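Top to bottom, those sequences are chains R and B.
Going by this note's numbering, the first sequence opens with residue 1, and the numbers climb by one from there.
Going by this note's numbering, the second sequence opens with residue 1001, and the numbers climb by one from there.
For every residue, glycine included, the Cβ atom is placed at its ideal position computed from N, Cα and C.
It should be emphasised that the depicted structure is a prediction, and the values quoted were computed from it without experimental measurement.
Okay, structure first, notes after.
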Amino acid sequence: MNETTTRLAALAAGLMLAGSVCAQDVRSPSALANTCAGCHGTNGASAGDLMPIIGGMDKTYLQNTLMEFKSGARDSTIMGRIAKGYSDLELKAIASYMAAQPWVSASTKADAKLAEEGKDIHEKECETCHEDGGRDQQHKAPRIAGQWPAYTLLYLQECREKGRRCAHPKMGARVMKLSDEQLQAMAQYYVSQK
Amino acid sequence: MTNISRRTFLQTASACAAVAALGSVGRRALARSKGRVIVVGGGYGGTIAAKYLKMADADKDVLLIEKDSPFVSCPMSNEVLSGERDMKSLSFDYRALSQRRGIHIAQDEVVRIDPEKRFVKGSSGKVYRYDKLVVAPGVDFRYEKIEGYSPAVAERIPHAWKAGPQTTLLRSQLEGMRDGGVCCIVAPPNPFRCPPGPYERAAQIAMYFKHHKPKSKVLILDAKDSFSKQGLFMQAYKKFYGDMVEWVSGASGGIIEAVRPDAMTLVGQVDEFKGDVINIIPPQKAGRIAHLAGLTDKSGWCPVDQATFESTIHKDVYVIGDSCIAGAMPKSGYAANSQGKVAAAAIAAAMSGRAAPATSYVNTCYSIAGPDWGFSVAGVYELKDGKIQSVPGAGGLSPIDASAHTRAVEAEYARSWFRNITEDMFS
């Protein structure tokens, strides 16, 4: 295959791919995902508090989470109602779009003392799955470093409440043993890890 | 792939001719012939249309014309009435949109649109030319529907339905009111800006009364027989405020026909109501410039192609937010945000000679009815037969039997929602 043919083939392949968006009723990933920004911030870089940063998070994790919201397997206040408005493929497209955005860590300073305490708990209880101080992105252990502490805390509290019924039973069992202050400390530790 | 023939290639190419413009060659060629987009109104819809146009194409010339600065948010302004929030936390400036996004900002009030010659004129006398125009002027009031009410009377008997000095005025009147007094809220007929707003307002005022003027009352005089999130509000009124909040439906005499400002009296169809503080939220119509520009129909709102928000009356003019007729979507901040993105994508496509992309619309709206007591309504919409319609099975209200924990979390979500939607607008 000479160079011109290669280029022509690549261009044609590109056009064929693009061809799939020609159909009027197929909604583009950006059109779908931009509707999330009103709550989760532009490109999923949340501006705070209880809304988690989702831009730059692991794709499979986001996809599974949206599917669980839709089926009701994962508890939510509002996400279940919203996720039901999309096909499985659309949820996948939203997850892919958000995963492709840069991760922007929370713009807040951690409480140094609590973060230090949280570091010990992290190293003992969490690092085996949430590697690299929680920076690692895996589909069963998404990035938690740099996440808004109010969100991390709420997630941990709800997980503690469920104990072994938490989405990840092993995590539930570990979180169950922790006090309010220890959960606070973990939330502060993770936001200190930009 | 190696056998791809020139003929196959050409067929593929022509089948998707419009998409060719997406290619890098096409993009470069178009950069030389970029037109100008003007956005009139820098609120929940206008800022988003301007910003997302720039995000789609940083080279595009985008001018945002807004008469007021700073912007003061209506959503969350009910919290000023209870004393939970100050005006400063509702105020935002356009600096980041100008400096970070490269949007030109002009402080001016557009008083004329010429859709034929494609220019707008400001009250400053300046003329601004456009290729595409976005009109996002919010709402205007039908003062004439309540005899005796007028912009001048509103300086004494506020509507407080555009956040700003009117919000501050209403708050100071509540602070000055005697314990044992009555605050009347006149709620408008549909459609109007922020359907749950008057009822959240009643709750926020009651929250203030409960702590500072416990013998006082909030009386909602409604033009309607039902309202948004009704069950959830009635439950919260009862739980937190007992008999302090009373709602009078239109059918039971809540329709207000006139006001006598000097007697602080509202004239209903049957009874008269005296208030120590009166808040009249008048019937509404599209923002003033939409009427001046002939963008409205008999309903007083602006008909648009619901796939793009282009006016069905004037070509190249797009109306978004409270002013437009948007099928099943309510007149809310989140709806305007969603519509701004759809219009931006449609305009970007039209200016590059592409077909408008398929659309997606969402609404999310929180209300805070008590301390640590919030609830929401959500909507996911799709375009069907040319109309924006709710996706069956999606959206809806917070459950009526939710736990106190859930209500507390939703109250916090309301505040986080505000942080994020304003960040989406102003960063």
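Three-state secondary structure assigned by DSSP to residue i
i: residue 1384/B; result: strand
i: residue 1367/B; result: strand
i: residue 1087/B; result: helix
i: residue 1063/B; result: strand
i: residue 22/R; result: Residue confidence for residue 22/R is low, a pLDDT of 42 falling below 50, so the modelled location carries little weight and cannot support an answer.
i: residue 1152/B; result: coil
i: residue 1303/B; result: strand
i: residue 104/R; result: coil
i: residue 50/R; result: coil
i: residue 1396/B; result: strand
i: residue 1036/B; result: strand
i: residue 1023/B; result: Residue confidence for residue 1023/B is low, a pLDDT of 42 falling below 50, so the modelled location carries little weight and cannot support an answer.
i: residue 1270/B; result: coil
i: residue 1112/B; result: strand
i: residue 1391/B; result: coil
i: residue 61/R; result: helix
i: residue 74/R; result: coil
i: residue 1079/B; result: helix
i: residue 1215/B; result: coil
i: residue 1237/B; result: helix
i: residue 1194/B; result: coil
Residue i burial status per 10 Å Cβ neighbour count (16 or more: buried)
i: residue 1417/B; result: buried
i: residue 1099/B; result: exposed
i: residue 1187/B; result: buried
i: residue 1270/B; result: exposed
i: residue 1081/B; result: buried
i: residue 193/R; result: buried
i: residue 1421/B; result: buried
i: residue 1050/B; result: buried
i: residue 975/B; result: There is simply no residue 975/B to check, as chain B begins at 1001 and stops at 1427 in what is shown.
i: residue 1156/B; result: exposed
i: residue 169/R; result: exposed
i: residue 1465/B; result: The structure shown does not extend to residue 1465/B, since chain B spans only 1001 to 1427, so no value can be given for it.
i: residue 1211/B; result: exposed
i: residue 21/R; result: The pLDDT assigned to residue 21/R is 42, lower than 50, so where the model puts this residue is not dependable; a value taken from the coordinates is nonetheless given after this. By the neighbour-count rule (16 or more Cβ atoms within 10 Å), residue 21/R is buried.
i: residue 1285/B; result: buried
i: residue 138/R; result: exposed
Continuous alpha helix (DSSP H) stretch holding residue i: start and end
i: residue 1420/B; result: 1404 to 1426
i: residue 159/R; result: 149 to 162
i: residue 1291/B; result: 1288 to 1292
i: residue 178/R; result: First-last for residue 178/R: undefined, no H or E at that position.
Element boundaries [beta strand (DSSP E), containing residue i]
i: residue 112/R; result: No beta strand (DSSP E) holds residue 112/R; the alpha helix (DSSP H) holding it covers 112 to 121.
i: residue 1141/B; result: 1139 to 1141
i: residue 1510/B; result: Outside the displayed range of chain B (1001 to 1427) lies residue 1510/B, so it cannot be described from this structure.
i: residue 1107/B; result: 1104 to 1107
i: residue 1129/B; result: 1127 to 1129
Next item on the list: Say whether the region 1127 to 1136 of chain B touches the region 1321 to 1340 of chain B, bearing in mind that this needs 3 or more beta-carbon pairs closer than 8 Å, one atom from each stretch.
Entry: Note that the region 1127 to 1136 of chain B touches the region 1321 to 1340 of chain B; at least 3 beta-carbon pairs, one per stretch, sit closer than 8 Å.
Notebook entry, point to check: When Cβ atoms are compared, which residues of the region 1407 to 1426 of chain B fall closer than 7 Å to chain R?
Noted result: If the cut-off is 7 Å between Cβ atoms, the region 1407 to 1426 of chain B has 1409, 1410, 1412, 1413, 1415, 1416, 1417, 1419, 1420, 1421, 1423 and 1424 near chain R.
Notebook entry, point to check: Are the region 1369 to 1382 of chain B and the region 53 to 65 of chain R touching by the rule of at least three beta carbon pairs closer than 8 Å?
Noted result: At 8 Å Cβ cutoff, the stretches do not touch.
Next item on the list: Determine contact between the region 59 to 79 of chain R and the region 1404 to 1420 of chain B, defined as no fewer than three beta-carbon pairs at a distance below 8 Å.
Entry: Yes, since at least three Cβ pairs between the region 59 to 79 of chain R and the region 1404 to 1420 of chain B fall closer than 8 Å, the two stretches touch.
Margin query: Under 7 Å, CB to CB, which of the residues in the region 1328 to 1348 of chain B have a partner in chain R?
Written below: Answer set for the region 1328 to 1348 of chain B: 1334, 1337, 1338, 1341 and 1345.
Next item on the list: May I ask you to list, following chain order, the residues of the region 1380 to 1395 of chain B that have a beta carbon less than 7 Å from some beta carbon of chain R?
Entry: The residues in question are 1380, 1391, 1393, 1394 and 1395.
Checklist line | Residues within the region 82 to 94 of chain R neighbouring chain B, beta-carbon criterion of under 9 Å | finding: Residues passing the 9 Å Cβ filter: 82, 83, 84, 85, 86 and 90.
Next item on the list: Anything in the region 1353 to 1378 of chain B with a Cβ closer than 8 Å to a Cβ of chain R? List those residues in chain order, please.
Entry: Within the region 1353 to 1378 of chain B, 1355, 1357, 1358, 1359, 1360, 1361, 1362, 1364, 1376 and 1378 place their CB atoms closer than 8 Å to a CB of chain R, listed in sequence order.
Next item on the list: Taking a Cβ distance cut-off of 9 Å, strictly less, list which residues of the region 141 to 153 of chain R are near chain B, in chain order.
Entry: If you check each beta-carbon in the region 141 to 153 of chain R against every beta-carbon of chain B, the ones closer than 9 Å belong to 148, 150 and 151.
Margin query: Is it the case that the region 179 to 192 of chain R contacts the region 119 to 133 of chain R, given that we only count it when at least three CB pairs across the two stretches are under 8 Å?
Written below: Between the region 119 to 133 of chain R and the region 179 to 192 of chain R there are three or more inter-stretch CB-CB distances shorter than 8 Å, so the stretches are counted as touching.
Note to self: Closer than 8 Å between beta carbons: that is the criterion. Which residues of the region 52 to 63 of chain R meet it against chain B?
What the structure shows: With the criterion set as a beta carbon lying under 8 Å from some beta carbon of chain B, the region 52 to 63 of chain R has no members that meet it.
Check: Just checking, does the region 131 to 142 of chain R make contact with the region 156 to 166 of chain R on the three C-beta pairs under 8 Å criterion?
Finding: The region 131 to 142 of chain R, when compared against the region 156 to 166 of chain R, does not touch it at the 8 Å Cβ threshold.
Margin query: Three Cβ pairs or more, each shorter than 8 Å: is that satisfied between the region 1342 to 1355 of chain B and the region 1303 to 1314 of chain B?
Written below: Segments in contact, yes.
Note to self: Counting only Cβ-Cβ distances shorter than 7 Å, please list the residues of the region 1305 to 1318 of chain B near chain R, keeping chain order.
What the structure shows: Closer than 7 Å at the C-beta level to chain R, one finds no residue of the region 1305 to 1318 of chain B.
Checklist line | Touch test, the region 1285 to 1293 of chain B against the region 1181 to 1197 of chain B, Cβ-Cβ under 8 Å, three pairs minimum | finding: Contact fails: fewer than three Cβ-Cβ distances are below 8 Å.
Next item on the list: Examine the Cβ distances between the region 1034 to 1049 of chain B and the region 1332 to 1339 of chain B and report whether three or more of them are shorter than 8 Å.
Entry: Two segments are said to touch when three or more pairs of C-beta atoms, one from each, lie closer than 8 Å; by this definition the region 1034 to 1049 of chain B touches the region 1332 to 1339 of chain B.
Check: Which residues, in chain order, does the region 24 to 46 of chain R contribute to contact with chain B at a C-beta distance below 7 Å?
Finding: Residues passing the 7 Å Cβ filter: 24, 25, 26, 27, 28, 31, 32, 34, 35, 37, 38, 39, 40, 41, 42 and 46.
Note to self: Using 8 Å as the cut-off, can you tell me whether the region 1227 to 1240 of chain B makes contact with the region 1195 to 1208 of chain B, which would need three or more C-beta pairs spanning the two stretches below that distance?
What the structure shows: Three or more Cβ pairs closer than 8 Å define a contact, and the region 1227 to 1240 of chain B meets that threshold against the region 1195 to 1208 of chain B.
Notebook entry, point to check: Can at least three beta-carbon pairs, one atom from the region 1064 to 1077 of chain B and one from the region 1094 to 1113 of chain B, be found at a separation below 8 Å?
Noted result: Output reads yes: the region 1094 to 1113 of chain B touches the region 1064 to 1077 of chain B.
Notebook entry, point to check: Counting pairs of Cβ atoms below 8 Å between the region 97 to 112 of chain R and the region 167 to 181 of chain R, do you hit three or more?
Noted result: In short, these stretches do not touch, since the Cβ pair count stays below three.
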